[in-house]
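If you're matching positions, the sequence shown starts at 613 in my numbering and goes up one per residue.
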Amino acid sequence: MRVTMVGSGYVGLVSGACFADFGHQVICVDTDQAKIDALKRGEIPIYEPGLAELVANNLAAGRLQFTTDLAPSVRQADAVFIAVGTPSRRGDGHADLSYVHAAAREIAGALSEFTVVATKSTVPVGTGDDVERIIREARPDADVMVVSNPEFLREGAAIQDFKHPDRIVIGANEPRAREVMTELYRPLYLNAAPMLFTSRRTAELIKYGANAFLATKIAFINEIADLCEKVGANIQEVARGIGLDNRIGPKFLHAGPGFGGSCFPKDALALIKTAQDHGTSVRIVETVIAVNDVRKRGMARKVAAALDGAVRNRTIAILGLTFKPNTDDMRDSPSIPLISALQEMGARIRAYDPAGMEQARQALSGVTYTPDPYACAERADALVIVTEWEQFRALDFHRLGQVMSNKVLIDLRNVYRGEEALAAGFRYDSVGRVHPH
Ligand SMILES: NC(=O)c1ccc[n+]([C@@H]2O[C@H](COP(=O)([O-])OP(=O)(O)OC[C@H]3O[C@@H](n4cnc5c(N)ncnc54)[C@H](O)[C@@H]3O)[C@@H](O)[C@H]2O)c1
């Protein structure tokens, strides 16, 4: 099949490369000339494990192309995916649909034969109706069907997720559209990935429901972690004890500094706005957002407490800046409010992240970036693990102790057992566990 992917970011690029890998002919379009030029040179603009190789293989096989010129690719496409960004609209938290609408207008102008337009971007219920209206107004003659095909991949494991999804959701009523989508995903269907056909609006809501539920799990376990600290219980054991119940499941029950990233905060907020627009409310989700915002700010107080409140003019080393490991994505990362709050308290910040430092420079100021964890820890009064990258899981405590001014470790991801750090002479604090000091 011939596929056009409009938007070549974290979702568009991974989806496009994976569809090409299935054997389809894929053209990835983006308005960002620099991004497309880089991709044509074989450079991958984002950090995503395995993506460079996947793109290179499919470029070489002639199944994958990149362009800024949308029209020629849409003209010959069986399916056109919209995978542009839907960030929070400034001021009110609604999803900003301007990129989706613009993409729909551009696509409309180029349609020729029967085409399925599938929205992969995460969009509020009813956006498929908008896209269809935009296209039909511009091109009453076009033989087009607009479907919803939300994407559930996780950054950092995006290729694996795309190729082995828990489910594929397709919001389309018309058999012709379903046929095209079935053909596109056939390789996965053969792997027995369940394909869920629903109405367009239902598909749109499934995506928000899933993200809001996952965010709720995280916010929930974080509150239980706070309680653990008060009563002397261990959150990791509590979470395991809860998660072994099949009705609950072990995933997304890891206590930490609060959720961030490009999806959960904005999608939860957008769901709240959608509910309000329709005269109802999702109060649990409202609370989840509020609890998470407070938590992210509260992490700075935790760091301050480990320094007995003396933060001014102290040097704090931050390990991990991205919102999770194996990505360079800094959008809404918990490290941002943490670092800003520590800077406001008068701390000097040193930081290291294996992939996120370039993007971090745009989100943070006054931070000294360092080439590795030990350089980061030099002359630091405290070391804070914010993101659980693999390379932070076996730090040499002896070496850290030698370069640091003050042996204080605050482990916001519970990477270590407290005893190891305490035995190495560190003052140690973590999340939802109590340690002697
Ligand atoms: N990042 C994730 O893990 C993830 C997972 C599932 C769903 N989503 C959703 O997928 C969508 C895309 O997210 P992302 O993280 O890939 O965003 P992104 O910002 O990385 O990529 C969006 C791309 O679209 C391009 N673009 C904007 N307008 C365009 C236009 N008119 N024509 C062509 N290109 C255009 C931008 O230049 C950018 O490169 C969002 O709705 C997001 O919520 C993201």
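In this text, a Cβ means the ideal position worked out from N, Cα and C, and glycines have one as well. The model shown is predicted, which means the values in this text are computed figures rather than measured ones.
Is it the case that the CB of residue i approaches a heavy atom of ligand 1 more closely than 7 Å?
| i | result |
| --- | --- |
| K647 | yes |
| R1039 | no |
| T1050 | With the chain running from 613 to 1049 in the structure shown, residue 1050 is simply not present. |
| L765 | yes |
| C640 | no |
| C630 | no |
| G821 | no |
| Y659 | no |
| Y986 | no |
| C840 | no |
| S874 | yes |
| S620 | yes |
| Y711 | yes |
| V623 | yes |
| V758 | no |
| V615 | no |
| G697 | yes |
| A912 | no |
| D644 | yes |
| A714 | yes |
| E718 | yes |
Specify, as a first and last residue, the run of the alpha helix (DSSP H) that residue i falls within.
| i | result |
| --- | --- |
| F832 | 812-843 |
| G555 | Any answer about residue 555 is impossible in this case: the structure gives the chain only from 613 up to 1049. |
| A1036 | No alpha helix (DSSP H) contains A1036, which DSSP labels as neither H nor E. |
| D1023 | Looking at the DSSP string, D1023 is not in any alpha helix (DSSP H); the run it does join, the beta strand (DSSP E), is 1020-1023. |
| A922 | That residue, A922, is in no alpha helix (DSSP H); it is neither H nor E in DSSP. |
| R748 | 739-750 |
| V850 | 847-855 |
| A730 | Run containing A730: none in the alpha helix (DSSP H); it sits in the beta strand (DSSP E), 727-731. |
| T734 | Careful: T734 lies outside any alpha helix (DSSP H) and carries neither H nor E. |
| P877 | 876-889 |
| K647 | 645-652 |
| A867 | Unbroken run through A867: none, as it is neither H nor E. |
| F774 | 770-775 |
In the DSSP assignment, the beta strand (DSSP E) including residue i goes from what residue to what residue?
| i | result |
| --- | --- |
| L995 | 994-997 |
| V758 | 756-760 |
| L802 | It is not in any beta strand (DSSP E) - L802 instead sits in the alpha helix (DSSP H) that spans 798-802. |
| C640 | 637-641 |
| L625 | Looking at the DSSP string, L625 is not in any beta strand (DSSP E); the run it does join, the alpha helix (DSSP H), is 622-634. |
| T616 | 614-618 |
Taking the CB atoms as reference points, tell me whether residue i and residue j lie closer together than 8 Å.
| i | j | result |
| --- | --- | --- |
| S685 | T616 | yes |
| L839 | A851 | no |
| R788 | M757 | yes |
| I930 | V843 | no |
| V641 | T679 | yes |
| D941 | S874 | yes |
| M1016 | A1036 | no |
| L954 | V923 | yes |
| E767 | E660 | yes |
| P762 | V781 | yes |
| N785 | S811 | yes |
| E601 | T899 | Residue 601 is absent from the structure shown; the chain starts at 613 and stops at 1049. |
| G891 | S945 | no |
| R1039 | A918 | yes |
| A822 | N1026 | no |
| K652 | S620 | no |
| K885 | H706 | yes |
| K936 | D1041 | no |
| G870 | P862 | no |
| C630 | K829 | no |
| I746 | A720 | yes |
| A882 | Y820 | yes |
| M969 | Y986 | no |
| A989 | N1018 | no |
To test your reading of the DSSP string, which unbroken alpha helix (DSSP H) runs of 4 or more residues are found completely within the stretch 936-1018?
The qualifying runs are 947-956, 969-975, 985-989, 1009-1015.
Runs of 4 residues minimum, wholly inside the stretch 663-709: which ones carry the alpha helix (DSSP H) assignment?
Those alpha helix (DSSP H) runs which fall completely within the stretch 663-709 and span 4+ residues are 663-672, 682-687.
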